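Since the structure comes first, as structure tokens, the remarks are kept for the end.
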Amino acid sequence: MITVTAMKWAPPFAAGQVRDHRVRWILNEVGWPYDVRLVDAPTMKSTGYRGSLQPFGQLPVLEEEGRPPLFESGAIVLDVAMRAGRCIGAEGTPERAAALQWVVCGLNSIEPFLFNVAEVEYFMDDAAAQAARRPVVVAQAKARLAMLEQARGGRPWFVGYAFSVADLLLASILKIAQRLGLLDDLPALAAWQQTMLARPAHLQAERDQMAEIARHSAADMRYDAVPKSPAP
Ligand SMILES: N[C@@H](CCC(=O)N[C@@H](CS)C(=O)NCC(=O)O)C(=O)O
């Protein structure tokens, strides 16, 4: 049986966006059942967790009997798709290469720009620094998204004629853009994303993540029990 690591609770801006939803989504797409292992902050930051599951004390992690645990949401999505032979094109084909390209593009060339905006909006305390940085990172993120939409060229899928991991990762990565209003000037890209997110496999993934978050509270994450600097 597969086990996916997820947070007991996440703040409202992150609910439905915590990256284990990507793993749940691809598992639902290929029809593989899974269990969920809910963790709190001290567990994630513990030496044991970092040593055996995720070196940076983050999630998601996919655990499966007889296989080493796997971290990095993109790697997990690719691994499941390749093993299931679904949503990724056949080995050695141009479709497989294009799917890999768009997944890496999403994680490497889009997500960091969106994270810069999220950092300004959610994690900066200094109001003056926030106001100075906001227009810069917003403009950069919007420019990236416009170029992404240009590259999509109005096609329903990023690769070929079917849904693939490229669509899954990109639609997932754009969740934060949508929430931050960065897609407001790109209605076609926003509509494409909504079509991807309306897939039953995603709706189920999001519902399941949010249900667990709703069952818990911030106190369950025990943030105050996390040591200031984790042991090396
Ligand atoms: N590149 C990693 C990023 C993992 C990541 O940032 N996970 C977040 C949840 S979406 C996390 O664990 N945050 C808690 C923390 O960093 O303490 C991936 O895609 O798996």
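Position 210 (the sequence shown) corresponds to 707 in the working numbering; numbering is contiguous.
All C-beta atoms, glycine included, are put in the ideal place defined by N, C-alpha and C.
The model shown is predicted, which means the values in this text are computed figures rather than measured ones.
Rounded separation between residue i and residue j - CA only
| i | j | result |
| --- | --- | --- |
| A511 | P591 | 35 Å |
| A648 | A659 | 17 Å |
| G571 | L597 | 10 Å |
| Q627 | F620 | 9 Å |
| P565 | D576 | 12 Å |
| C584 | A578 | 6 Å |
| E569 | A624 | 32 Å |
| A708 | Q691 | 21 Å |
| D705 | V527 | 17 Å |
| A594 | W654 | 15 Å |
Where residue i falls, given that 16 or more other Cβ within 10 Å makes a residue buried
| i | result |
| --- | --- |
| E616 | exposed |
| T540 | buried |
| K725 | exposed |
| M504 | buried |
| S606 | exposed |
| R516 | buried |
| G586 | buried |
| D622 | exposed |
| E588 | exposed |
| T439 | With the chain running from 498 to 729 in the structure shown, residue 439 is simply not present. |
| A702 | buried |
| L642 | buried |
Test item: CB-CB of residue i and residue j under 7 Å
| i | j | result |
| --- | --- | --- |
| V574 | V656 | no |
| G603 | L667 | yes |
| Q637 | F610 | yes |
| L683 | E646 | yes |
| Q555 | K672 | no |
| V601 | V635 | no |
| I710 | A507 | yes |
Contact belief for residue i with residue j at Cβ below 8 Å, rounded distance in angstroms
| i | j | result |
| --- | --- | --- |
| H518 | S669 | 7 Å |
| D717 | D537 | 6 Å |
| R534 | T500 | 5 Å |
| A687 | Q675 | 7 Å |
Touch test, the region 694-706 against the region 518-532, Cβ-Cβ under 8 Å, three pairs minimum: Touching, yes, given that three or more Cβ pairs across the two stretches are closer than 8 Å.
Would you check if there are 3 or more beta carbon pairs closer than 8 Å linking the region 630-642 to the region 557-570? With fewer than three CB-CB distances shorter than 8 Å, the region 630-642 does not count as touching the region 557-570.
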